[in-house]
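One point on numbering: in the UniProt record's numbering, the residue at position 22 of the sequence shown is 22, and numbering is uninterrupted. Where is the CB? At the ideal position from N, CA and C, for every residue including glycine. Note that the structure is predicted; figures quoted are calculated from it, not measured. Here's the structure, in structure tokens; my notes come after.
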Amino acid sequence: MVIATRLAGAKEVFLIGDVNQFTFIDRLNLFEMQYIRLNPVATVTKDLLCTYRNPVDIAYVLNEVNSGIYSSVTQVRSLRMERYSDANIPKDFPNTIYLTNTQVEKESLITQGFGKGHVPGHPRRTEPDVRKNCHRSDRGET
1 MVIATRLAGA KEVFLIGDVN QFTFIDRLNL FEMQYIRLNP VATVTKDLLC
51 TYRNPVDIAY VLNEVNSGIY SSVTQVRSLR MERYSDANIP KDFPNTIYLT
101 NTQVEKESLI TQGFGKGHVP GHPRRTEPDV RKNCHRSDRG ET
């Protein structure tokens with residue numbers, strides 16, 4: 001998507017979807033990204049409350065923001081999120097994938113002796129233990 005945008009010389013691109021996935025589209029921070037609600041772009045006539053991508057436990061957490069959301073996936077526990085600083089990220093958890101938001105963060109973890117890999121793109125596939133490196137980036141995001 002980044003290559004197509006650059007080749008087309010687009011001045012503005014609207015990406016409609018999950019804002020939590022947008023950081024993976026432009027991992028090198030080549031573009032200024034601005035998140036806006038969907039209403040200025042399209043008329044929202046109905047909010048779908050059933051999530052086909054997220055298991056029950058994630059839907060439960062999302063319910064705090066989107067009241068009434070429920071899941072079609074019946075797996076009860078899929079993800080555990082723990083926050084660590086760079087100084088205390090444990091390296092000895094078996095079957096663990098450490099997720100990062102940028103290539104710089106990924107390279108930093110590899111330099112510190114963490115393994116490398118990726119979570120396959122299939123949305124319903126879950127890893128036994130997935131940890132996200134949650135610290136502030138240069139843009140002030142977590």
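Here the alpha carbons of L15 and L7 stand approximately 17 Å from one another. In the pairwise beta carbon analysis, the region 52 to 59 is classified as not touching the region 26 to 35: fewer than three pairs are separated by under 8 Å. A residue is called buried once 16 or more other Cβ atoms fall within 10 Å of its Cβ, and I69 is buried on that count. Cβ contact annotation for Q75 (same chain, cutoff 6 Å, sequence separation greater than five): P55, in chain order.
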